[in-house]
Amino acid sequence: MAAHLQQCPVLTTAFGSPVEDNDNTRTVGKNGAVAADDTWLQEKMQRFNRERVPERVVHAKGYGAKGVFKVTQDVTKYTHAHFLNEIGKETPVLIRFSTVGGESGSADTARDPRGFAVKFYTEEGNWDMVGNNTPVFFIRDPLKFSDFIHTQKREPGSHLKPHWRRWDYWSLSPEALHQVMILYSDRGCPVSGRFMNGYSSHTMSMVNHDGERVWVKWHFKTDQGIRNLPEDEANRIAGGNPDFSAHDLQRAIQEGDFPSWTVSIQVMPEKDADSYKWHPFDLTKVWPHSDYPLIEVGKLTLNENPSNYFAEIEQAAFEPSNLVPGLGISPDKVLQNRLNSYKDAHYYRIGVNYHQIPVNRPRGCPYSMGTAGTYARDGTMRTDGNGENAPDYEPNSFGGPVAMNK
1196 MAAHLQQCPV LTTAFGSPVE DNDNTRTVGK NGAVAADDTW LQEKMQRFNR
1246 ERVPERVVHA KGYGAKGVFK VTQDVTKYTH AHFLNEIGKE TPVLIRFSTV
1296 GGESGSADTA RDPRGFAVKF YTEEGNWDMV GNNTPVFFIR DPLKFSDFIH
1346 TQKREPGSHL KPHWRRWDYW SLSPEALHQV MILYSDRGCP VSGRFMNGYS
1396 SHTMSMVNHD GERVWVKWHF KTDQGIRNLP EDEANRIAGG NPDFSAHDLQ
1446 RAIQEGDFPS WTVSIQVMPE KDADSYKWHP FDLTKVWPHS DYPLIEVGKL
1496 TLNENPSNYF AEIEQAAFEP SNLVPGLGIS PDKVLQNRLN SYKDAHYYRI
1546 GVNYHQIPVN RPRGCPYSMG TAGTYARDGT MRTDGNGENA PDYEPNSFGG
1596 PVAMNK
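All the letters of the sequence shown, read from the start, carry residue numbers 1196 to 1601 under this note's numbering.
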């Protein structure tokens, strides 16, 4: 039982008033109408009516765990990111696995790409690696994203999910072929998150202390080996346990069988991008390892289940725009669109102050501890001191935080 419940043995309202009766609604007489002043009944029902936040439009079905990332190789010639500057250095992480098209109650064994999102709580702020279990995707222009996702969702008229819709779209979108071939291969139905790889998919970048930039792709190779389900088995499991994959991960961690991934990068010198044999920032293509071999960076291990799913997984907000010094983006158009659309989705789904939710807060960050490093104020559900009486503008004459270039 949670410690705070043990410290408060008497049931109370949300504001601490003792509850006299939690079994019987107050009525006017023994068999009379419900009393209008039964505020405890009203509080319980009003809270119940508001328990759900909007589910994610994509990646609604998800599960995850906490763990640690440990640097195993020296990559300082590529990046000056602090969390990568020393072999043996450890950084706390949170990971969320997900399907793409299904609702939050759908089966997690479905034939579908899997989201592979990792939040690194570095000393310079949070870095979010928001990837998938495939190195490519169906589109290379963000204008097509909403149209494509509609084909994975329910038909407006019947509210059913006829598969002809996706095939109609794919037949008219040849750039999707690479991802379609992966999806309908033997790797289309992973057993669970611990038996699949993760990829940035997008081309990202790194910058070192000398200001030299390289293009990189991130790879998270499962140390458990790749394991997938035959489609008939995946469908059978879905009918009996739609949370099969989530249960597999949770049980493994509970039993001390901590899953891990070897984290590597492919590195392309900046000048190579101008003359490479195909567009290096095209999300529908890979870089052959024969051209740019994997370079090991570290090891990611999951060793702790969330103590509360809603608080630590449902409210976890991943976004590609969460970067730290030494790590950057690329001219990939789909990536550049995601920099804005993910943040906008979080504002809609969990509110403008979602950065204050504990799972999303930076840890040990010298630039943005609470409101110390930002002039953002007010907004729905502001839960800290709101900057107290400090100025909410920059520049100012009171010693407030300034940009790094100042």
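Ideal Cβ positions, reconstructed from N, Cα and C, are used throughout, including at glycine.
When rounded, the separation of the alpha-carbon atoms in Leu1378 and Pro1351 is 25 Å. Burial is judged here by how many other beta carbons sit within 10 angstroms of a residue's own beta carbon; His1354 has fewer than 16 and is exposed.
Shown here, Arg1335 sits in coil according to DSSP, grouped into three states, outside any helix or strand. The alpha helix (DSSP H) runs of length 4 or more contained entirely in the region 1468-1496 do not exist; there are none. Boundaries of the beta strand (DSSP E) harbouring Thr1457: 1455-1464, taken from the DSSP string. Assignment of Arg1408 by DSSP, reduced to helix, strand and coil, places it in the strand class. Under the 8 Å Cβ criterion, the region 1436-1445 does not count as touching the region 1464-1478, having fewer than three qualifying pairs. Exclusion of the five residues before and after Gly1383 leaves Arg1306 as the residues of its chain whose Cβ lies within less than 6 Å of its Cβ. Scanning its chain for C-beta atoms nearer than 8 Å, with the 5 sequence neighbours on each side dropped, one finds around Pro1586 the residues Tyr1570, Phe1593, Gly1595, in chain order. Secondary-structure assignment with DSSP links Tyr1316 through a beta bridge to Asn1321. Per DSSP, the continuous alpha helix (DSSP H) segment holding Gly1434 begins and ends at 1426-1435. Around the C-beta of Ser1395, 16 or more other C-beta atoms lie within 10 Å, and the residue is accordingly described as buried.
Runs of the alpha helix (DSSP H) spanning 4 or more residues and lying entirely within the region 1358-1415 occur at 1359-1366, 1372-1378, in chain order.
Burial state of Arg1242 is exposed, judged by a 10 Å Cβ sphere holding fewer than 16 other Cβ atoms. Separation of Ile1460 and Lys1256 (C-alpha to C-alpha, rounded to the nearest whole angstrom) is 28 Å. Ile1421 carries a coil assignment under DSSP once its states are collapsed to helix, strand and coil. Residue pairing by DSSP places Ser1293 opposite Gly1257, Gly1310 in a beta bridge. When DSSP states are grouped into helix, strand and coil, Thr1207 belongs to the strand group. Inclusion of Gln1268 and Glu1491 in the CB contact set at 7 Å is warranted, their separation being smaller than that value. Sequence-distant partners of Glu1514 (beyond 5 residues in either direction) whose C-beta falls short of 6 Å from its own C-beta, in its chain, are Asp1323, Tyr1537, Lys1538. No Cβ-Cβ contact shorter than 7 Å links Lys1261 with Gly1493.
Contact between the region 1406-1421 and the region 1448-1463 is present, with at least three C-beta pairs closer than 8 Å. For Thr1220, the closest C-alpha among the options Asn1430, Gly1574, Ser1212, Val1229 is that of Val1229.
CA-CA distance, Ala1209 to Ile1508, rounds to 23 Å.
Residue burial annotation: Lys1225 is exposed, with fewer than 16 other C-beta atoms found within 10 angstroms of its C-beta.
The three-state reading of DSSP puts Leu1355 in coil, since its state is none of H, G, I, E or B. Between Ser1301 and Phe1340, the alpha-carbon positions lie close to 22 Å from each other. Using a 10 angstroms sphere on the CB of Trp1482, the tally of other CB atoms reaches 16 or more, which defines it as buried.
Distance from the CA of Thr1271 to the CA of Thr1398, rounded to the nearest whole angstrom, comes to 19 Å.
Scanning its chain for C-beta atoms nearer than 7 Å, with the 5 sequence neighbours on each side dropped, one finds around Thr1304 the residues Cys1384, Leu1424, Ala1429, Ile1432, Ala1433, Phe1439, Ser1440, in chain order. Of Ala1512, His1277, Lys1314, Pro1337, the smallest CA-CA separation from Lys1528 is found for Pro1337. Taking a 10 Å sphere around the C-beta of Ser1485, we find fewer than 16 other C-beta atoms and assign the residue as exposed. Rounded to whole angstroms, the gap between the alpha carbons of Arg1335 and Met1240 is 46 Å. As summarised for the region 1508-1594, the continuous alpha helix (DSSP H) elements at least 4 residues long and confined to that stretch are 1528-1545, given in chain order. Segment contact: the region 1279-1295 against the region 1308-1326, three or more CB-CB distances shorter than 8 Å; contact assigned.
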